[in-house]
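Visitor: Using this note's numbering, the letters of the sequence shown correspond one by one to residues 13 to 68.
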Amino acid sequence: MIKGFYKFYFKNILPLVGKMVSGHPMAYDYLPDSVEDFDKNVDLVKLFLGCRIFKS
13 MIKGFYKFYF KNILPLVGKM VSGHPMAYDY LPDSVEDFDK NVDLVKLFLG
63 CRIFKS
């Protein structure tokens, strides 16, 4: 149930609010698709440590 609400909010409400707040009609249209397409199998901590972005 929470996942369904989150998906609805993220795809419908967030872009609408983002457009109203930012004043840019397409400012938040990309965000839901970008997050949905993100590779969830990537270990970001390991990736960042390997790039020396963060110290362990």
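Backbone N, C-alpha and C fix where the C-beta goes; we use that ideal spot for every residue, glycine too.
Can you tell me which of the three DSSP states residue 52 falls into?
Guide: Reduced to three states, the DSSP call for residue 52 is coil.
Visitor: Quick one: what does DSSP say residue 35 is sitting in, helix, strand or coil?
Guide: coil
Visitor: Quick check on DSSP: helix, strand or coil for residue 42?
Guide: Collapsing the DSSP output to three states places residue 42 in a helix.
Visitor: What is the rounded straight-line gap between the Cα of residue 59 and the Cα of residue 53?
Guide: So the two alpha carbons sit approximately 11 Å from each other.
Visitor: If the criterion is Cβ atoms closer than 8 Å, does the pair residue 27 and residue 41 meet it?
Guide: yes
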